[in-house]
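In this note's numbering, the protein residues as written are 22 to 319.
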């Protein structure tokens, strides 16, 4: 299989690399695939992401997270398999990969995790997604009925299809529960991601037939972050993609297209999120592509 997420049919996982810092460098170091979930799960699950590596030296992988909850099942080196529930990440995510390892992840669509999240008392669905934001919790703490063996069922199989089937089976135990609010939040978040013209919360509220306050409550309860945060994060993803494309970018024009009042505001948001200005990031990616040492540091 070629490095990177590869090609998919119209119903398969998305094939972009948005959010991944220096994706080409990552794909040269690890085996990375995306796989679709079972049909009943696809409205809620963006994709499964599978990574394996055998490294001679440590590698730092960095990501500007999507406004999504992830389930992460992993085995690092000789450690036993383990699993976490990772809420929406607010800042730059960094992890150092060493020696050998495997990760089997579930990326939910923004808002798509709530139909699976147990509420207080253990009832499936309509739990508090915002309580997970910026946090990573042990899988059994969020899903006590899953027991301690979930990671041991998902991670070890050598056949990729078996790992995907194990993820399908596990998720179908916990949902999805009917949740019209989550479905509405998913639809609006998808609109933000796919329509660059959505740059203000007021626009999105009108699209959804909601007041601004009602939209904010909807996103807090179902997505875990505010609609403004989602808009800004997706626009930073677009800027990150432009900076890493190794093509000349008119930053003033891009800033205007993404709804910024001027280039300086875009540069400030990009720098705060990624850790360095877009032009510096673009140069770092170009150096890495040319074989110079090191990916960009955050």
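Don't be surprised by glycine CBs; every beta carbon is placed ideally from N, CA and C.
* For residue 98, which option in 234, 74, 110, 263 has the closest C-alpha, if you only look at C-alpha atoms? -> Stepping through the chain shown from its first residue, residue 98 is reached at position 77. Residue 74 holds the alpha-carbon nearest to the alpha-carbon of residue 98 among 234, 74, 110, 263.
* Stretch-stretch touch, CB-based, cutoff 8 Å, three pairs: the segment 88-106 with the segment 165-183 -> Yes: at least three Cβ pairs fall under 8 Å.
* Asked: Which stretch, first to last residue, makes up the beta strand (DSSP E) that contains residue 306?
  -> For the purposes of this step, residue 306 is taken as residue 285 along the chain shown, with counting starting at 1. Run containing residue 306: none in the beta strand (DSSP E); it sits in the alpha helix (DSSP H), 299-310.
* Please state if the CB of residue 306 and the CB of residue 298 are separated by a distance shorter than 8 Å. => In the chain shown, residue 298 corresponds to position 277, counting from 1. In the chain shown, residue 306 corresponds to position 285, counting from 1. Taking the C-beta atoms as reference points, residue 306 is found no nearer than 8 Å to residue 298.
* Is the segment 103-113 in contact with the segment 60-78, if contact means three or more CB pairs nearer than 8 Å? -> A contact between stretches requires three or more CB pairs, one per stretch, nearer than 8 Å, and the segment 103-113 fails this requirement with the segment 60-78.
* Just list the alpha helix (DSSP H) runs in the segment 147-187, keeping only unbroken ones of 4 residues or longer that don't cross its boundaries, in chain order. => Runs of the alpha helix (DSSP H) inside the segment 147-187: 160-163, 171-175.
* Presumed contact (8 Å Cβ cut-off) between residue 280 and residue 256, rounded CB distance -> Counting from one through the chain shown, the residue named residue 280 turns up at place 259. Counting from one through the chain shown, the residue named residue 256 turns up at place 235. About 7 Å; that satisfies the 8 Å criterion.
* Kindly indicate the opening and closing residues of the beta strand (DSSP E) around residue 280. => In the chain shown, residue 280 corresponds to position 259, counting from 1. Membership of residue 280 in any beta strand (DSSP E) is not indicated, and neither H nor E is assigned to it by DSSP.
* **Beta-ladder partner(s) of residue 125, from DSSP** => Translated into positions along the chain shown, residue 125 becomes position 104. According to DSSP, residue 125 bridges with 71, 94.
* Look at the alpha carbon of residue 70 and the alpha carbon of residue 126, and state the distance between them as a whole number of angstroms. => Along the chain shown, one-based indexing puts residue 70 at 49. Along the chain shown, one-based indexing puts residue 126 at 105. Here the alpha carbon of residue 70 sits roughly 5 Å from the alpha carbon of residue 126.
* To do: Could you say if the segment 121-140 and the segment 192-209 meet the contact criterion of at least three C-beta pairs nearer than 8 Å?
  => As far as the Cβ criterion goes, the segment 121-140 touches the segment 192-209, which means the pair count is three or higher.
* From this set, 154, 38, 54, which residue's C-alpha is nearest residue 182's C-alpha? -> As a working note, residue 182 is residue 161 in the chain shown. Of the listed residues, the one whose Cα sits closest to residue 182 is 54.
* Asked: I think residue 245 touches residue 153, with their Cβ atoms under 8 Å apart; what is that distance to the nearest whole Å?
  -> Locating residue 245 in the chain shown gives position 224, counting from the first residue. Locating residue 153 in the chain shown gives position 132, counting from the first residue. With 8 Å as the limit, residue 245 and residue 153 qualify as a contact, their Cβ atoms being about 6 Å apart.
* Going by DSSP, name the residue or residues bridged to residue 76. => For the purposes of this step, residue 76 is identified with residue 55 of the chain shown, where counting begins at 1. Residue 76 is bridged by DSSP to nothing; it lacks a bridge partner.
* Asked: Relative to the C-alpha of residue 242, which residue among 200, 215, 272, 150 is closest?
  -> Taking the chain shown and counting its residues from 1, one reaches residue 242 at position 221. Among 200, 215, 272, 150, the Cα nearest to that of residue 242 is on 150.
* On the premise that residue 85 lies in contact with residue 258, defined as a C-beta separation below 8 Å, what is that separation, rounded to the nearest angstrom? -> For the purposes of this step, residue 258 is identified with residue 237 of the chain shown, where counting begins at 1. For the purposes of this step, residue 85 is identified with residue 64 of the chain shown, where counting begins at 1. The Cβ separation is near 7 Å, so the contact holds.
* Rounded straight-line distance, which links the Cα of residue 106 to that of residue 311 -> If you number the chain shown from 1, residue 311 lands on position 290. If you number the chain shown from 1, residue 106 lands on position 85. The alpha-carbon atoms of residue 311 and residue 106 are separated by roughly 37 Å.
* Asked: Between the C-alpha atoms of residue 64 and residue 42, what's the straight-line distance to the nearest angstrom?
  -> For the purposes of this step, residue 64 is taken as the residue at position 43 of the chain shown. For the purposes of this step, residue 42 is taken as the residue at position 21 of the chain shown. Looking at the two C-alpha atoms, the distance is approximately 27 Å.
* Give the secondary structure of residue 82 by DSSP, where H, G and I count as helix, E and B as strand, and everything else as coil. => Within the chain shown, residue 82 is the residue found at index 61, counting from 1. Strand at residue 82.
* Asked: Is the distance from the Cβ of residue 138 to the Cβ of residue 148 below 8 Å?
  -> Working through the chain shown from its first residue, we reach residue 138 at position 117. Working through the chain shown from its first residue, we reach residue 148 at position 127. Yes, the pair counts as a contact, with Cβ atoms nearer than the cut-off.
* Asked: residue 49 lies in the alpha helix (DSSP H); which residues open and close that run?
  -> Against the chain shown, residue 49 aligns to sequence position 28. Taken as a continuous stretch (DSSP letters only), the alpha helix (DSSP H) holding residue 49 covers 44-50.
* Span separating the alpha-carbon of residue 274 from that of residue 188 -> Counting from 1 along the chain shown, the entry for residue 274 is found at position 253. Counting from 1 along the chain shown, the entry for residue 188 is found at position 167. The alpha-carbon atoms of residue 274 and residue 188 are separated by roughly 43 Å.
* Asked: Looking at the unbroken beta strand (DSSP E) that takes in residue 220, where does it start and where does it end?
  -> In the chain shown, counting from the first residue as 1, residue 220 sits at position 199. Segment: none, residue 220 is in no beta strand (DSSP E) and carries neither H nor E.
* Boundaries (first-last residue) of the alpha helix (DSSP H) holding residue 240 -> Taking the first residue of the chain shown as 1, we reach residue 240 at position 219. From DSSP, the alpha helix (DSSP H) with residue 240 extends over 233-243.
* Asked: Does the Cβ-Cβ distance between residue 217 and residue 278 come in under 8 Å?
  -> Here residue 217 corresponds to residue number 196 of the chain shown, with the count starting at 1. Here residue 278 corresponds to residue number 257 of the chain shown, with the count starting at 1. In this structure, the beta-carbon distance from residue 217 to residue 278 falls below 8 Å.
* Between residue 42 and chain B, is there a C-beta pair that is closer than 8 Å? -> Reference to chain B is not applicable here, since this structure consists of a single protein chain.
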